[in-house]
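Novice: Residues 25 to 361 in my numbering are what the sequence shown spells out, letter by letter.
All C-beta atoms in this analysis are idealised placements derived from N, C-alpha and C, irrespective of residue type, glycine included.
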Amino acid sequence: MTAAPTTDGVLVDRYGRVARDLRVSLTDKCNLRCTYCMPAEGLPWLAGPQLLTDDEIVRLIRVAVERLGVTEVRFTGGEPLIRPGLVGIVAAVAGLTPRPRVSLTTNGIGLHRLAPALRDAGLDRVNVSLDTLDRDRFHTLTRRDRLADVLAGLAGAAAAGLTPVKVNSVLMRGVNSDEAPALLRFALDHGYELRFIEQMPLDAQHGWDRATMVTADEILASLAGEFTLTPDPDERGAAPAETWLVDGGPAKVGVIASVTRPFCGDCDRTRLTADGQVRNCLFATEESDLRDALRAGADDADLARRWRTATRGKRAGHGIDDPTFLQPTRPMSAIGG
Ligand code: SAM
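1) Tell me whether Ile106 sits in a helix, a strand or coil according to DSSP, three-state version.
2) Run the proximity test for Met224: is its beta-carbon closer than 7 Å to any non-hydrogen atom belonging to the ligand SAM?
3) Determine the direct distance from the alpha carbon of Lys276 to that of Gly361, and round the result to whole angstroms.
4) Which residue from Thr156, Thr187 and Lys338 puts its Cα closest to that of Leu195?
5) Gly300 and Thr76 - do their beta-carbons sit closer together than 8 Å?
6) If you measure between the beta carbons of Met237 and Val199, is that distance less than 8 Å?
7) Could you tell me whether any non-hydrogen atom of the ligand SAM is closer than 7 Å to the CB of Val48?
8) Taking 7 Å as the cut-off, is the beta-carbon of Asn192 closer than that to any non-hydrogen atom of the ligand SAM?
9) Looking at Val114 and Leu142, is the spacing between their C-beta atoms short of 8 Å?
10) Are there any heavy atoms of the ligand ATP lying less than 7 Å away from the beta-carbon of Asn200, as far as the coordinates show?
11) Grab me the residues of Asn304's own chain with a C-beta within less than 6 Å of its C-beta, minus the 5 sequence neighbours each way, in chain order.
12) One question on the structure: do Thr95 and Arg44 come within less than 8 Å of each other, judged by their Cβ atoms?
13) Once the 5 residues before and after Gln223 are set aside, which same chain residues still bring their CB inside 8 Å of it?
14) Within 8 Å, do at least three Cβ pairs link the segment 247-256 to the segment 264-273?
15) In three-state DSSP terms, what is Thr129?
16) So which of Ala248, Ala145, Ala317 and Thr121 has the shortest CA-CA distance to Leu128?
17) Using the Cβ count rule (16 or more neighbours within 10 Å means buried), how would you classify Pro29?
18) Tell me, to the nearest whole angstrom, how far the beta carbon of Ile344 is from that of Leu306; I am working on the premise that it is less than 8 Å.
19) Going along the chain, which residues of its own chain have a beta-carbon closer than 7 Å to the beta-carbon of Thr294, five neighbours each way excluded?
20) Here's the rule I'm using: 16 or more other beta-carbon atoms within 10 Å means buried, otherwise exposed. How should Phe220 be labelled?
21) Tell me whether the beta-carbon of Val279 lies closer than 8 Å to the beta-carbon of Ala265.
22) Take Leu147 and list the residues in its own chain whose beta-carbon comes closer than 8 Å to its own, dropping the five residues that flank it on each side.
23) Have a look at Asp241, Asp326, Arg319 and Gly341 and flag the residue whose alpha-carbon is nearest the alpha-carbon of Asp290.
24) For Thr254, does the three-state DSSP call read helix, strand or coil?
25) Are the CB atoms of Ile133 and Asn192 nearer to each other than 8 Å?
26) Any heavy atom of the ligand SAM inside 7 Å of the beta-carbon of Glu365?
27) Could you check if Glu242 belongs to the surroundings of the ligand SAM, using beta carbon to heavy atom distance under 7 Å?
28) Specify the secondary structure class of Arg86 as computed by DSSP and reduced to three states.
29) Looking at Pro205 and Gly249, is the spacing between their C-beta atoms short of 8 Å?
30) If we ignore side chains and look at the alpha-carbon of each, how far apart do Leu212 and Asp258 end up?
31) So, is Leu175 buried or exposed, given that buried needs 16 or more other C-beta atoms within 10 angstroms?
32) Here's a check: name, in chain order, each residue in its chain whose Cβ is nearer than 7 Å to the Cβ of Ala308, leaving out the five neighbours to either side.
33) Buried or exposed: which applies to Gly40, given that a residue is buried once 16 or more other Cβ atoms fall within 10 Å of its Cβ?
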């Protein structure tokens, strides 16, 4: 007789979902100012003492991996490449037992230079955000003239073997909504895996509008004008992206339809902000502190217990469609996308 799988110790919520995928924000600062994310002048950044130190970040991730069953660690921000201790943090996390898979979500600026060191430290792969291939549009959209740096970063990641290199694109009506086929062609030509992300109500300026956002159906219709898409026969599991084979495969394209096709029932994510708060969801309005507990001398068992308790409060869904939905106070850049 085989033993029933145990959920002792893992991050399990009231609905039986187990969180194995940890997203860690390393900073709330960013060197771009994407219009759908941040105002031009930036935001009131977290003050130095509020931020977890490199050692504190590694300690909390170690607790998650050793005691809570986390198997995937994804660094994000803000822009994680601007955190000075990034390479050392990656090395420490890749050295944990059992070894988690370690990845990074980045805007790609500086990745060309950092990719070999990150690979040597143990980084497995990267997601690079790129919403347009047009230099002027890129400048308008991100308020910075850095398209060439992002393209170099993508190439550097591929050359360093940080594969599969995934590209994340957000489409906005009247801005870059005509670019879906061009972005897919670019990804196919370079061997990158493209995923479109539906724009979500997470901008600091509260400019998101359900009525005008570009939906997964529209993105797929636009791609269908130039490509033949067939549903991916591979199991989706807890992956946020729904994927399609492009022109019969093996290349694929994904759509993360958080708004119009939510996948909360399969969510396996837990999040740690740069100031040490556990969040169960991008859209959570509650957070649970680990930083002050850690600084007050909590031991690993206590930190693990706090994280488990926080997870039990995870809601069934993000509730964007609920009439009582409230956008979280923290914008995406301070949560970690
Ligand atoms: N700076 C890194 C980057 O650019 O990937 C990591 C942080 S960024 C917040 C992570 C991802 O969130 C990016 O792909 C970005 O396009 C996406 N994002 C930001 N605001 C968003 C929104 N309101 N809706 C959907 N995606 C958003």
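Specialist: According to the structure data:
1) Annotated three-state conformation of Ile106 is helix, per DSSP.
2) Yes, the beta carbon of Met224 sits closer than 7 Å to at least one heavy atom of the ligand SAM.
3) Taking the straight line joining both Cα atoms gives about 22 Å.
4) Looking at the Cα atoms, Thr156 is the closest of the given residues.
5) The sequence shown places Leu at residue 76, rather than the Thr named in the question. Yes, the Cβ-Cβ distance between Leu76 and Gly300 is below 8 Å.
6) Going by beta carbons, Met237 and Val199 fall outside the 8 Å limit.
7) The beta carbon of Val48 sits no closer than 7 Å to any heavy atom of the ligand SAM.
8) Indeed, a heavy atom of the ligand SAM lies less than 7 Å from the Cβ.
9) Yes; because the gap between Cβ atoms is below 8 Å, this pair is in contact.
10) Summarising the ligand content, the structure contains the ligand SAM and does not contain the ligand ATP.
11) For Asn304, where only same-chain residues beyond five positions count, the Cβ hits under 6 Å are Lys338.
12) Taking the C-beta atoms as reference points, Arg44 is found nearer than 8 Å to Thr95.
13) Here the set comprises Tyr60, Val194, Leu195, Met196, Trp232, Met237, Val238 and Val283.
14) Touching, yes.
15) Strand at Thr129.
16) Nearest neighbour of Leu128 by Cα position, chosen from Ala248, Ala145, Ala317 and Thr121, turns out to be Ala145.
17) Reliability of the predicted coordinates at Pro29 is poor, the pLDDT of 43 falling under 50, and the value obtained from them is presented with this limitation in mind. Exposed, because fewer than 16 other Cβ atoms sit within 10 Å of the Cβ of Pro29.
18) Between Ile344 and Leu306 the beta-carbon gap is near 10 Å, outside 8 Å, which marks them as no contact.
19) Taking Thr294 as the centre and dropping the five residues before and after it, the same chain places the C-beta of Leu35, Ala43, Leu46, Val302, Asn304 and Thr335 closer than 7 Å to its C-beta, in chain order.
20) Classification for Phe220: buried.
21) Pairing Val279 with Ala265 gives a Cβ-Cβ distance under 8 Å.
22) Val114, Ala118, Val126, Ser127, Leu128 and Leu186, listed in sequence order.
23) Minimum Cα distance to Asp290 is reached at Gly341.
24) DSSP places Thr254 in strand when its eight states are reduced to three.
25) Against a cut-off of 8 Å, the Cβ pair of Asn192 and Ile133 comes out as no contact.
26) Limits of the chain in this structure are 25 at one end and 361 at the other, which puts residue 365 out of reach.
27) Outside the cutoff, so no.
28) DSSP places Arg86 in helix when its eight states are reduced to three.
29) A contact, by the Cβ cut-off of 8 Å.
30) If you take the alpha carbons of Leu212 and Asp258, they lie about 19 Å apart.
31) Burial call: buried.
32) For Ala308, the CB contacts under 7 Å within the same chain, skipping 5 residues up- and downstream, are Pro352 in chain order.
33) Exposed.
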